[in-house]
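From first to last, the protein sequence lines are chains F and S. Heads up: the first sequence is residues 1 to 341, going by the UniProt record's numbering. Heads up: the second sequence is residues 1 to 341, going by the UniProt record's numbering. What follows is a short report on a single structure.
Protein chains: 2
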Amino acid sequence: MTGSKIRNMEEFASLSGISRPTISKYFNNPNSVRSSTRNKIEAALERLEYRPNIYAMNQNRKLTKNVGVVVPLLSDPYFAEIARNLEQHCLAAGYRPTLFSSHGDPALEVEVMDTLRSLKPAGVLLAPLGRASDRAALKKFCDDVPTIIFDSSVDEIGLAFVGSDNFQFTAHITDYLCRTGEPPCFFEMKTPANPNAHRRRQSYLNAMETFGYTPHVISVDGEGWGFEEIGRLGGHEALEQGRFSTNTILCSNDRLAIGLLTACFEKNIRVGRCEDCAIRVAGQDGHPHSRYTCPPLTTISHAYNAVSQTAAEALFAAIGGQVSPWKSTRLEGKLILRDSA
Amino acid sequence: MTGSKIRNMEEFASLSGISRPTISKYFNNPNSVRSSTRNKIEAALERLEYRPNIYAMNQNRKLTKNVGVVVPLLSDPYFAEIARNLEQHCLAAGYRPTLFSSHGDPALEVEVMDTLRSLKPAGVLLAPLGRASDRAALKKFCDDVPTIIFDSSVDEIGLAFVGSDNFQFTAHITDYLCRTGEPPCFFEMKTPANPNAHRRRQSYLNAMETFGYTPHVISVDGEGWGFEEIGRLGGHEALEQGRFSTNTILCSNDRLAIGLLTACFEKNIRVGRCEDCAIRVAGQDGHPHSRYTCPPLTTISHAYNAVSQTAAEALFAAIGGQVSPWKSTRLEGKLILRDSA
DNA sequence: ACAAGTATTTTACGCGCGTAAAGTTTAGCC
DNA sequence: GGCTAAACTTTACGCGCGTAAAATACTTGT
Numbered sequence: 001m002t003g004s005k006i007r008n009m010e011e012f013a014s015l016s017g018i019s020r021p022t023i024s025k026y027f028n029n030p031n032s033v034r035s036s037t038r039n040k041i042e043a044a045l046e047r048l049e050y051r052p053n054i055y056a057m058n059q060n061r062k063l064t065k066n067v068g069v070v071v072p073l074l075s076d077p078y079f080a081e082i083a084r085n086l087e088q089h090c091l092a093a094g095y096r097p098t099l100f101s102s103h104g105d106p107a108l109e110v111e112v113m114d115t116l117r118s119l120k121p122a123g124v125l126l127a128p129l130g131r132a133s134d135r136a137a138l139k140k141f142c143d144d145v146p147t148i149i150f151d152s153s154v155d156e157i158g159l160a161f162v163g164s165d166n167f168q169f170t171a172h173i174t175d176y177l178c179r180t181g182e183p184p185c186f187f188e189m190k191t192p193a194n195p196n197a198h199r200r201r202q203s204y205l206n207a208m209e210t211f212g213y214t215p216h217v218i219s220v221d222g223e224g225w226g227f228e229e230i231g232r233l234g235g236h237e238a239l240e241q242g243r244f245s246t247n248t249i250l251c252s253n254d255r256l257a258i259g260l261l262t263a264c265f266e267k268n269i270r271v272g273r274c275e276d277c278a279i280r281v282a283g284q285d286g287h288p289h290s291r292y293t294c295p296p297l298t299t300i301s302h303a304y305n306a307v308s309q310t311a312a313e314a315l316f317a318a319i320g321g322q323v324s325p326w327k328s329t330r331l332e333g334k335l336i337l338r339d340s341a
Numbered sequence: 001m002t003g004s005k006i007r008n009m010e011e012f013a014s015l016s017g018i019s020r021p022t023i024s025k026y027f028n029n030p031n032s033v034r035s036s037t038r039n040k041i042e043a044a045l046e047r048l049e050y051r052p053n054i055y056a057m058n059q060n061r062k063l064t065k066n067v068g069v070v071v072p073l074l075s076d077p078y079f080a081e082i083a084r085n086l087e088q089h090c091l092a093a094g095y096r097p098t099l100f101s102s103h104g105d106p107a108l109e110v111e112v113m114d115t116l117r118s119l120k121p122a123g124v125l126l127a128p129l130g131r132a133s134d135r136a137a138l139k140k141f142c143d144d145v146p147t148i149i150f151d152s153s154v155d156e157i158g159l160a161f162v163g164s165d166n167f168q169f170t171a172h173i174t175d176y177l178c179r180t181g182e183p184p185c186f187f188e189m190k191t192p193a194n195p196n197a198h199r200r201r202q203s204y205l206n207a208m209e210t211f212g213y214t215p216h217v218i219s220v221d222g223e224g225w226g227f228e229e230i231g232r233l234g235g236h237e238a239l240e241q242g243r244f245s246t247n248t249i250l251c252s253n254d255r256l257a258i259g260l261l262t263a264c265f266e267k268n269i270r271v272g273r274c275e276d277c278a279i280r281v282a283g284q285d286g287h288p289h290s291r292y293t294c295p296p297l298t299t300i301s302h303a304y305n306a307v308s309q310t311a312a313e314a315l316f317a318a319i320g321g322q323v324s325p326w327k328s329t330r331l332e333g334k335l336i337l338r339d340s341a
């Protein structure tokens, strides 16, 4: 770096001996210029330290390189992990990802979509809040901006949906639990935030019927996204009232299970698959924290990488002009055997 | 909304009966126009559905309304929580926050700063990686962009530092542990990512000396940001080798403590302050997850809200033109008594 | 070496808004 | 009602780059 800061592309062009439009073309796509030219530009780039003004770039461009990534709750490590994956796929493909969280609030979700609009993104990867989402606003947004929906599906909105196969999820872990001990009852929130919860309950019911067992669902009260606390309080109540019909409890998700494990601990109930354990508890999601519960949580994990990669690739294909009919991709989860069940 | 989309400010101006420069002024600061004018604009805004083009806005403006928020690891709920707080303070003050994570990688941290530069932000709230950070790059960035450093301090860089008082933190919880049982030994990473860790160790040593006890530090191997696993593996090893000199263990941070609790569970060691518990374990940070460990973790919590508010306000003041000398603000933590110690 | 085809340069305009300056209207006050 | 200061309108220019069209230079194959 010669220290001398370049003001604009014009200046950089003359200093590098290339015309400005060609420089512009290079920044738009380095492979669109002859390699000899590219080398000259890149050499100049190193000694001159110039970066185009992104505002001027995007202002008069039909399509920006921005990609929005929206998750319902960033403080949930599960979403943070997916967001990180998506971010890196975008970066690798030459896009500029921007991260947003709805923080569990439908009003904020609408605000995020508004902000996103003004960013004029080439595309958006969006995990909706679910039940609480403003469907109309979501639909309108998807009509205006190329959007891939992930994690939880809301109608047939956007270009495509990518997520996990909740039916396979629950069927698989239910099967495991039935084969290794008492058939499980199902522990869930009465009014779950996420539509996946309904699929999981249904899948549990189906699986139990298939296996010839009587299903039993325990639905606990609680609003919002504080799943652990809901699981803990609901767990206490259910334990006190003897609402668990068997010694095996399949939770609708890992965070609920984490709360239930805390409740069990507080009630001095030994959890696990050992001889002297009173109950077994399993979760669903492969939450980053599930390894560190006591006992470590048996769960079924999302294919984090595959989901993010599939979603990202679908978006890039759509941005690239590939038109394909709406499609739902649901990837299978992998059972993670640990000590809790 | 009349449905008819407005193309630009010119059009919106004529349709609302106000001149374009005044509209521009309004968007820059709604309070800078007469209230009667403001009402007219806002009425038009509702029926016309117009939003200024942010790229055109920022391209020829000396100062944007953008604020960058950078954390070292967004998948750590502790940082996610602080980031959420900061984000909301920015929004409330009329800024446009953008969230970035270094994902524990120094190279990424540098990349984030590069991206941030091109965003021409009015200011940045940055929590550095710490030990692994590229000091020179950080310093250069802070020279170019008004930056408040938070969480962990690296030299006297930026406009100011806001974080927690690690000396108070550790002294306070050490005091508590000494008063309620055996004096603690200190469990930490040998090469911690975060400089706060050094302060905490030192504070532990000071406190123990003050109280007239012999300090004992257990430093475990492990690189990176997978603190739970480092705590778990290190915990196993330390337990097997009998390296814990007392029955009370103060961990350098909550995530390490979470790992240690898992190790204890796996070794069938009962943790807590009950009669038949073998050891007590305490953490530091008030990690969102600490409530749900088994047993729930006694810890000392950051003043999340106060830290974010102080940092945000310092930045806004600096953006507003208030020049003040570099200053370090360290807020006290609050002891959270739970069952683990 | 020559043709065809592609890459680059030149030239020129426009994007949507910030901003400054000068003139005009409005509001507030005695 | 007349004064002043503030707010507004008009006019005009510029920001840094995208992009289109036409002219020119280069590469490639034979």
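Yeah, the Cβ is synthetic: ideal placement off N, Cα and C, and Gly gets one too.
Chain S has no Cβ within less than 8 angstroms of the Cβ of residue 163 of chain F. For residue 36 of chain S, the enclosing alpha helix (DSSP H) begins and ends at 35-48.
Neighbours of residue 251 of chain F in chain S, taken as residues at a C-beta separation under 7 angstroms, are lacking, since the least C-beta distance is about 13 angstroms. One finds 262, 265, 266 in chain S with Cβ atoms closer than 9 angstroms to the Cβ of residue 296 of chain F, taken in chain order. The beta carbon of residue 98 of chain F sits closer than 8 angstroms to some beta carbon of chain S. Relative to residue 98 of chain S, the option among S:107, S:228, S:87 whose CA is nearest is S:87. Residue 147 of chain F sits away from residue 129 of chain F, with the two beta carbons spaced by 8 angstroms or more. By the neighbour-count criterion, in which 16 or more other beta carbons inside 10 Å mark a residue as buried, residue 17 of chain F falls on the exposed side. Rounded to the nearest whole angstrom, the C-alpha separation of residue 118 of chain F and residue 74 of chain F is 22 angstroms. Within the same chain, and ignoring the five residues on either side of residue 238 of chain F in sequence, the residues whose Cβ sits closer than 8 angstroms to its Cβ are 187, 218, 220, 244. For the set F:37, F:184, F:320, the Cα lying nearest the Cα of residue 212 of chain F is the one of F:184.
Beta-carbon to beta-carbon, residue 166 of chain S and residue 131 of chain S are separated by about 15 angstroms, too far to satisfy the 8 angstroms threshold. Straight-line spacing of the CA atoms in residue 225 of chain F and residue 76 of chain S works out to 17 angstroms.
Taking C-beta separations shorter than 7 angstroms and ignoring five residues to either side along the sequence, the partners of residue 50 of chain S in its chain run 6, 12, following chain order. Boundaries of the alpha helix (DSSP H) around residue 260 of chain F: 254-266. Taking 8 angstroms as the upper bound for CB-CB distance, residue 335 of chain S and residue 173 of chain S are in contact here, some 6 angstroms apart. Residue 133 of chain F is not a Cβ neighbour of residue 330 of chain F, given a cutoff of 8 angstroms. Using a Cβ-Cβ cut-off of 8 angstroms, residue 58 of chain S counts as an interface residue toward chain F, since at least one Cβ of chain F sits closer than that to its own. In the DSSP annotation of this structure, the continuous segment of the alpha helix (DSSP H) that includes residue 235 of chain F starts and ends at 227-240. Here residue 58 of chain S has 64 as same chain residues with Cβ atoms under 6 angstroms from its own Cβ, once five neighbours each way along the sequence are excluded.
Between residue 256 of chain F and residue 204 of chain F, the C-beta spacing is not below 8 angstroms. Counting the other CB atoms within 10 Å of its CB gives residue 84 of chain F a total of 16 or more, which places it among the buried residues. Secondary structure note for residue 66 of chain F: it is in no alpha helix (DSSP H), and the uninterrupted beta strand (DSSP E) holding it is 66-71. Within the segment 156-185 of chain F, complete beta strand (DSSP E) segments of at least 3 residues are found at 160-164, given in chain order. At least one beta carbon of chain F lies nearer than 8 angstroms to the beta carbon of residue 259 of chain S. Chain-ordered, the chain S residues with CB closer than 7 angstroms to the CB of residue 103 of chain F read 84. Only those residues of the UniProt domain "HTH lacI-type" (7-61) of chain F whose C-beta falls short of 7 angstroms from the nearest C-beta of chain S are listed: 51, 53, 54, 55, 56, 58, 59.
For residue 77 of chain F, the neighbours in chain S by C-beta distance under 7 angstroms run, in chain order, 75, 77. At a beta-carbon threshold of 7 angstroms, the residues of chain S lying near residue 118 of chain F are 51, 54, ordered along the chain.
Taking a C-beta distance under 8 angstroms as the contact criterion, residue 318 of chain S and residue 94 of chain S do not qualify as a contact pair.
With the rule of 3 Cβ pairs closer than 8 angstroms, the segment 225-236 of chain F counts as touching the segment 259-267 of chain F. Per DSSP, residue 97 of chain S is one residue of the beta strand (DSSP E) stretching across 96-101. Straight-line measurement puts the Cα of residue 290 of chain S at about 25 angstroms from the Cα of residue 304 of chain F. When the Cα atoms are used, residue 138 of chain F and residue 110 of chain F turn out to be separated by approximately 8 angstroms. Annotation: residue 324 of chain F is outside any alpha helix (DSSP H) and is labelled neither H nor E by DSSP. Close to chain F, meaning a Cβ-Cβ distance shorter than 8 angstroms, are the following residues of the segment 270-289 of chain S: 288, 289.
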